[in-house]
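Enquirer: Starting off with a structure, shown below.
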Amino acid sequence: MSKSAQRYAQQGATLIVGLIMLLLLTLMVSSAFMLSGVNLSAVNNLQLRDEATAAANAALEEVLSSSTTFTAPAAQSITVGQDTVSVAPAVCIRAVDVKTDSSADATPNILIEGTPGSGGATGYQDTYWNIVATVDNAATGVNVAVNQGVKIRLPASPNPCP
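Residues in the sequence shown are numbered consecutively from 1, following the working numbering.
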């Protein structure tokens with residue numbers, strides 16, 4: 001084969017190699033594009049979950065600002081932005097009698113959690129509660145539940161923790 005015949009054979013191979021490289025480059029770009037779409041979807045889901053959690057926390061703050069949450073627990077539905085938050089009635093976990101301090105210091109009426117023999121009853125209890133706020137948004141598919149523990153001092157009568 002002469003030199004000119006070999007040159008023409010090599011030019012055909014260059015075209016095939018160039019087409020293969022172009023195909024590989026196209027596949028890499030399209031897979032990167034699809035991967036960025038998946039990442040964008042994941043970030044959107046995280047943002048929707050964080051917004052729902054913030055709505056649940058805002059609803060809990062509103063519920064906790066009222067003393068009736070603990071004296072007459074009831075379920076509530078609160079709208080925060082475009083989310084509706086269902087707040088379950090507060091559940092009392094336990095109550096501990098508060099006793100007066102029996103020490104001889106300058107302020108003898110400091111209230112402390114009592115132990116047997118540490119002083120008389122004050123008529124108050126430290127109560128421990130659990131409140132659950134749930135956001136279930138059908139439009140976005142977000143479902144978030146937030147548990148909030150609360151300690152609050154209440155009068156012992158009527159019994160705040162049935």
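Even for Gly, the Cβ is constructed at its ideal location relative to N, Cα and C.
Out of Asn130, Ser66, Asp97 and Thr53, which one is the CA nearest neighbour of Ala88?
Expert: Asn130
Enquirer: Could you name the residues of the same chain whose beta carbon sits closer than 8 angstroms to that of Lys151, not counting the 5 residues immediately before and after it, in chain order?
Expert: Asp126, Thr127, Tyr128 and Trp129
Enquirer: Rounded to a whole number of angstroms, what is the C-alpha to C-alpha distance between Ile16 and Ser36?
Expert: 30 angstroms
Enquirer: Can you find at least 3 beta carbon pairs, one from the stretch 42-54 and one from the stretch 88-97, that sit closer than 8 angstroms?
Expert: no
Enquirer: If we count the other Cβ atoms within 10 Å of its Cβ and call it buried at 16 or more, is Ala138 buried or exposed?
Expert: exposed
Enquirer: Taking the alpha-carbon positions, what's the Glu62 to Lys99 distance?
Expert: The straight-line gap from Cα to Cα measures roughly 31 angstroms.
Enquirer: Please report the straight-line C-alpha distance between Leu22 and Val29, rounded to a whole angstrom.
Expert: 11 angstroms
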